[in-house]
Amino acid sequence: MENYVKPQNDSCTHEVRVPKLEYQTLEVNTKQLRLLILLQASIEWEDPELAWDTSVYKFDEVILPVDKIWTPELLVTNAMTSTLKHGSANVLVYSNGTVKDDLIINAEVNCEVNLFNYPFAYDVCPVAVQAWDTDSKLSNSLIYYICDHF
Numbered sequence: 001m002e003n004y005v006k007p008q009n010d011s012c013t014h015e016v017r018v019p020k021l022e023y024q025t026l027e028v029n030t031k032q033l034r035l036l037i038l039l040q041a042s043i044e045w046e047d048p049e050l051a052w053d054t055s056v057y058k059f060d061e062v063i064l065p066v067d068k069i070w071t072p073e074l075l076v077t078n079a080m081t082s083t084l085k086h087g088s089a090n091v092l093v094y095s096n097g098t099v100k101d102d103l104i105i106n107a108e109v110n111c112e113v114n115l116f117n118y119p120f121a122y123d124v125c126p127v128a129v130q131a132w133d134t135d136s137k138l139s140n141s142l143i144y145y146i147c148d149h150f
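With my numbering applied, the sequence shown closes on residue 150, and no number is skipped along the way.
Okay, here's the thing in C-alpha cells:
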C-alpha cells in the first residue's frame, strides 16, 4: 500500500454509486426550527489501482483498512452541523477493483415547520446530500473531481 495512488482518469472524474441510503429523523425541534437526522449510506466505486488477477492471487475479495486508501465523502450541504464517519475500520475490495464502504452521517438542518394547523400540520424539510472530494471540491452529483493539479 506504500505506492498506492488515488484513482484518476482522463476526465478527472470518478463515479460513486450509492445503492443504499437510509434516512432516520432523530429529533424535530419546533422551538428552534431544526431537524436532527441520521443518514446511513452504502457507497461503491471503482479503483483500478486495487484490482488484481485472480489467476495469480486466488482471492475474489479482500478487506483493507479504510484509512489506507482513497475514500469519497458525502456532505449534507444545507446542514448547520454535520459529522461523517465510516461504518467500519475496513472496506471490502473485489478483484475487479470495486470498493464498498459504509458511511454514517449525523446532521442538523434548518426546518421551518409551520404548526398553525397542528395536529394536522404537514411540512417538508429538505436535506441536500452532495459529493465532496479530498481536494475540497463540491460536486453537483455523486461524481468526484479528484485529479491532482500541479
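Each residue gets a CB set at the ideal place from its N, CA and C atoms; glycine is no exception.
- According to the DSSP assignment, Gln40 belongs to the beta strand (DSSP E) that extends over Arg34 to Glu46.
- Contact annotation: Lys58 and Ala41 have beta-carbon atoms that are not nearer than 8 Å.
- For Pro7, DSSP assigns no beta-bridge partner whatsoever.
- Bounds of the beta strand (DSSP E) holding Pro65 are Glu61 to Pro65.
- Between the beta-carbon of Lys100 and that of Glu44 there is about 5 Å, and that keeps the pair under the 8 Å contact cut.
- A direct Cα-to-Cα measurement between Glu46 and Trp70 gives close to 11 Å.
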